[in-house]
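Single-structure report; data block below.
In our numbering, the protein residues as written are 67 to 274.
Next comes the structure, spelled out in structure tokens:
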């Protein structure tokens with residue numbers, strides 16, 4: 067039994083955490099949870115009272131929130147080289163948490179057809195959807211990776227978000243996104259993680 071456990075569902079942001087775990091290359095156990103079932107059971111609520119996935123437990127310590135999981139694993143396993151170098155820290159933290167905060171809020175509201183009026187835009191951290199998307203695009207167009215010339219944990223989170231949003235048509239693909247996604251999705255760890263999650267999804271479907 068590994069000292070690291072991933073709680074996930076293959077139809078969730080747990081795919082991001084799985085990719086990050088494959089990048090760090092450490093052994094881990096997996097608990098696949100079902101929506102409305104084991105995800106809301108008392109046992110898992112003891113791990114994450116929100117009843118959401120993903121979550122990881124490492125040496126008895128719980129980490130939830132996908133961006134936090136990516137940042138934590140990069141720091142916990144520095145030999146993987148996914149944490150930022152000093153000159154990369156500003157963009158690393160800036161864009162990872164921009165994607166986790168303003169972009170996530172903008173996409174959620176856009177999907178629910180919630181459009182802030184001019185006054186509400188001054189209160190919303192993302193302003194409006196179009197503004198948040200323009201800034202996100204600029205982040206991936208500036209350098210090969212969001213923190214500069216090297217792949218980091220920030221790319222796992224930001225890249226997964228862009229991949230998810232473009233595949234579901236929430237944001238439109240363009241040259242900047244296509245080039246960025248081609249770079250990060252060619253990584254062996256990304257491919258392994260996808261294969262594992264696709265297999266888990268097929269197993270869940272067969273069991274149902």
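Glycine included, each C-beta is placed from N, C-alpha and C at the ideal position.
- Per the DSSP secondary-structure output, residue 97 pairs in a beta bridge with 73.
- Annotation: residue 243 to residue 102 spans about 34 Å, alpha carbon to alpha carbon.
- For residue 183, the number of other beta carbons within 10 angstroms of its own is below 16, and it is reported as exposed.
- In the assembly as shown, residue 272 is an exposed residue. Its beta-carbon has fewer than 16 other beta-carbons within 10 Å.
- Pairing residue 96 with residue 266 gives a Cβ-Cβ distance under 9 Å.
- Residue pairing by DSSP places residue 129 opposite 122 in a beta bridge.
- Between residue 152 and residue 131, the alpha-carbon positions lie close to 24 Å from each other.
- Per DSSP, residue 199 is one residue of the alpha helix (DSSP H) stretching across 195–208.
- One thing to note: residue 175 has its Cβ no nearer than 9 Å to the Cβ of residue 165.
- In the assembly as shown, residue 150 is a buried residue. Its beta-carbon has 16 or more other beta-carbons within 10 Å.
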